[in-house]
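The structure under discussion appears below in the form of C-alpha cells.
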Amino acid sequence: MNYKQQVKAMQPALIEDIKALCAIDSVYDAATVADNAPFGAGCRKALDAMLALGAKDGYTTHDVDGYAGDIEVGGSEEGICILGHLDVVPVQENEWITPPFTPTIRDGKLYARGTSDDKGPLLAAYYAAKLFHRNYPDCSKKIRIIFGCNEERGSSCVKHYFEKMPACEMGFTPDADFPVIYGEKGTCGIVIGGKYAPGTVLEIHGGTVANIVPQRCEAILAGTSPAYREALDAYLQKRTDVTAELEAADTDTRIVMHGQAAHASTPHLGVNAIAAMCEFLSTVCDSPLTALVADKLMAHDGAQLGIEKVGQLGALTMNLGILHYDGEQAQITLDLRIPHEIDAPAMAEQVRAQVKAYGADLNYSHGRALIIDMDSKLIRVLDEAYREEEPDGEGPQAIGGGTYAKAATNCAAFGPSFPGEDTHIHDSNEFIDLANLERATAIFYRAIEKLML
Ligand SMILES: [Zn+2]
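Okay, so the sequence shown: first residue is 129 according to this note's numbering, each after it adds one.
Right, here's the structure in full:
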C-alpha cells in the first residue's frame, strides 16, 4: 500500500476517535477549576481522553499539571513537535442543526464543536505520526504530539508546558489553514471601561469571548414607546444583514439583535451584532456609550479610530467582541490583529485619547507578531508537502495570527482548512469535511516524513 491508501484505511478509526473527543464539552469553566484542572472539568476530561489514547497505543505520555499533555511517538531522540489544542469556544446551542457535543455525520461532513478547531486536526496529525512510526519503526527520533487546554483563552497551557518540558526544535500546529503560514500578525487586547447613568438604555449584553465576532446582542430600553418599533423597522430596512426581535413588557422593552459569528481575525466574514445594536440605539437615544461604539468602534479596520494600516503581513483588523452594560458600569472588549510595523502601546494610547472623550478609559495587553524565514527548511518542506496534494496551490501565507506557533520555537501553523473552505470555526455548526480530513491527514504524513528523514 502507498501512503495514501494507508491514510484511507485509517479513516474509520480516526473518525471514531474524533467523535469520542468532540463529545466532551471542553469549554473553559471557571466553576470547576481545581488542582490539575486549571481550566475546569471539561478540559481535564478531554486531556484524560487524549492521554488515554496514547497509552492505549503503547506510547509514553505526560500530563503537565492539567495545562497540557503530550504523547511521544517513535524513538528517543528529539525530532519534531506537533501542537494542537483540546479546549473549544462556547456554543449557542439553539443555533446548531445538530447538538454541538453529539458528533453527527451529514452529507460527508462531521458536525460538532471542535471537529475543525482543533480536536479533529490534532487527531489527524496523531494518526499521521502513528503511521510514520509504523512505516519507519527504526527511526531514532520521536514525534511529540503536544496538546494544550487553553488555546482559546491565551495559550497559557503551552507556555506552562514549555517551562517544564524540552523546547520544540522544529514543528507545526494544525490549527489554521493551508498553505503553510510563515507570518502571524501581532495581537492587542483592549478592555474599555466607563460608568454611565441609565437613560433610555438600561442594559446591553453582547458577545461571549473576545475572539469571536458576536452574533447576538440584547438591550433593555426604558418604557414601551411605539417609536422603538418604528425606529427598529427603519433600521432593518437599511441593514438587511441583521435581524432583530422586539418584545415590550410592562415597563420596558427588550430588543435582541442577530448578526453572524466569525473568527476575530477575519471580522469581515461576520456581522457584528453589538455594533449593529449600538448603531441602532444611537438612532433612538443619545447615550455616550452607544455613541462611542457607533462613532469609533464599528469599522473592523480601525478606520474610525484612525489606526487602520496595511503591513507586510496584511491589514489591521479589529473585533468588538464583548459589551456588557448593567445600568451603571460598561465594559467593552476589543480583539485587534496588528501588522508588525505598528507599535502596539502607541496605538493603544491613540485609542485611549479617543475613548476618553466619551467618558471611558482602557487597559490593554499585546503580543508579538511572528515571521519565519521563507527559505528555512521548515517552511520549504511544509510548502512541498502541501503542493504534492494541491499542485496549483498558493505559496506560504500570512494570517491574523494567534496560533501556538508563537508559543513554541521554530514552529509554523499548517492546515487543516483548505483555501476557500469555511468550516464554521468559532461559529455554530462547525464541521470537518471528511474528504478534506483525509487529504489533510495525507499532507501531515508527508510533512512528517520530510521533516523527520
Ligand atoms: Zn484553534
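A virtual CB, placed ideally from N, CA and C, is assigned to each residue, including glycine.
Closer than 7 Å: residue i CB and nearest ligand 1 heavy atom
{"i": "Asp-303", "result": "yes"}
{"i": "Glu-279", "result": "yes"}
{"i": "His-213", "result": "yes"}
Close beta carbons around residue i, own chain, < 6 Å, minus the five adjacent residues each side
{"i": "Gly-530", "result": "Thr-315"}
{"i": "Gly-203", "result": "Cys-267, Ser-268, Lys-269 and Lys-270"}
{"i": "Ala-458", "result": "Gly-322, Tyr-324 and Leu-417"}
{"i": "Glu-206", "result": "Glu-297"}
{"i": "Ala-403", "result": "Met-426 and Leu-448"}
{"i": "Ile-320", "result": "Ile-460, Val-483, Ala-488 and Leu-490"}
{"i": "Ala-165", "result": "Arg-172 and Gly-194"}
{"i": "Arg-382", "result": "Ile-348 and Glu-375"}
{"i": "Arg-138", "result": "A quick correction: the sequence has Met, not Arg, at residue 138. Within the same chain, Met-138 has close Cβ partners Tyr-255."}
Close Cβ partners of residue i (< 8 Å) along its chain, the five nearest in sequence each way excluded
{"i": "Lys-147", "result": "Pro-231, Leu-238 and Ala-240"}
{"i": "Pro-395", "result": "Val-341, His-428, Thr-445, Met-446 and Asn-447"}
{"i": "Pro-467", "result": "Lys-313, Gly-314, Lys-437, Val-438, Gly-439, Gln-440, Leu-441, Gly-442, Ala-443, Leu-444 and Ala-497"}
{"i": "Asp-157", "result": "Phe-167, Gly-168, Ala-169, Gly-170 and Cys-171"}
{"i": "Ala-582", "result": "The question about residue 582 has no answer here: the residues shown for the chain are numbered 129 through 581."}
{"i": "Val-161", "result": "Phe-167 and Gly-168"}
Contact test: residue i Cβ vs ligand 2 heavy atom, cutoff 7 Å
{"i": "Asp-245", "result": "Absence of ligand 2 is noted for the structure shown, with ligand 1 being the only ligands found."}
Neighbourhood of residue i by C-beta distance below 7 Å, restricted to the same chain and skipping five residues each side
{"i": "Met-298", "result": "Ile-208, Leu-506, Asn-538 and Leu-579"}
{"i": "Val-201", "result": "Tyr-187, Ala-257, Lys-258, His-261, Lys-270, Ile-271 and Ile-273"}
{"i": "Asp-463", "result": "Gly-317, Ala-338, Asn-339, Ala-392, Asn-447 and Gly-449"}
{"i": "Leu-330", "result": "Ile-348, Leu-349, Ala-350, Asp-380 and Gly-455"}
{"i": "Ile-553", "result": "Ser-244, Asp-245 and His-391"}
{"i": "Ala-586", "result": "Because the chain in this structure spans residues 129 to 581, residue 586 falls outside the shown range and cannot be described."}
{"i": "Leu-179", "result": "Thr-189, Asp-191 and Gly-197"}
Host alpha helix (DSSP H) of residue i (start-end)
{"i": "Gln-478", "result": "472–484"}
{"i": "Asn-564", "result": "562–580"}
Residue i: first and last residue of the uninterrupted beta strand (DSSP E) it sits in
{"i": "Val-509", "result": "Looking at the DSSP string, Val-509 is not in any beta strand (DSSP E); the run it does join, the alpha helix (DSSP H), is 505–517."}
{"i": "Asp-198", "result": "196–202"}
{"i": "Met-385", "result": "380–386"}
{"i": "His-391", "result": "From DSSP, His-391 is part of no beta strand (DSSP E); its letter is neither H nor E."}
{"i": "Ser-493", "result": "488–495"}
{"i": "Glu-312", "result": "309–312"}
{"i": "Leu-462", "result": "457–466"}
{"i": "Leu-238", "result": "237–239"}
{"i": "Leu-211", "result": "205–213"}
{"i": "Ala-533", "result": "Here Ala-533 belongs to no beta strand (DSSP E), and DSSP marks it neither H nor E."}
{"i": "Gln-525", "result": "525–527"}
{"i": "Ile-233", "result": "232–234"}
Q | Unbroken stretches of the alpha helix (DSSP H), 4 residues or longer, contained in the segment 323–371 | A | 354–366
(Q) Can you confirm whether the segment 404–416 touches the segment 338–352 when touching is taken to mean that 3 or more C-beta pairs between the two stretches lie within less than 8 Å? (A) yes
Q.
My parser needs the alpha helix (DSSP H) runs of 4 or more residues fully inside the segment 244–273; what are they?
A. 247–263
Q) If we count Cβ pairs, one from each stretch, closer than 8 Å, do we get three or more for the segment 429–449 versus the segment 355–374? A) no
(Q) Across the segment 300–314 and the segment 518–534, are there enough close Cβ pairs to call them in contact, namely three or more that are closer than 8 Å? (A) yes
**Q.** Unbroken stretches of the beta strand (DSSP E), 3 residues or longer, contained in the segment 275–306
**A.** 299–301
Q: May I have a chain-ordered list of the beta strand (DSSP E) segments no shorter than 3 residues that lie completely inside the segment 405–455?
A: 445–453
Q) Is it true that the segment 281–297 meets the segment 471–484, where meeting means three or more beta-carbon pairs spaced less than 8 Å apart? A) no
(Q) Contact between the segment 508–515 and the segment 448–458 is defined here as three or more beta-carbon pairs at a separation below 8 Å; is this criterion met? (A) no
Q: Identify every run of the beta strand (DSSP E) within the segment 139–189, keeping only runs that are complete inside it and at least 3 residues long; order them along the chain.
A: none
Q) Between the segment 558–567 and the segment 136–147, are three or more C-beta pairs nearer than 8 Å? A) yes
Q. Quick check: the segment 413–426 against the segment 480–487, are there 3 or more CB pairs under 8 Å?
A. yes
Q: Would you check if the segment 257–267 and the segment 212–222 touch, i.e. whether three or more CB-CB distances between them fall below 8 Å?
A: no
(Q) Check whether the segment 247–257 and the segment 373–392 touch, using three or more Cβ-Cβ pairs below 8 Å as the test. (A) no
Q.
Taking 8 Å as the cut-off, does the segment 167–185 touch the segment 540–547 (at least 3 CB pairs, one atom from each stretch)?
A. no
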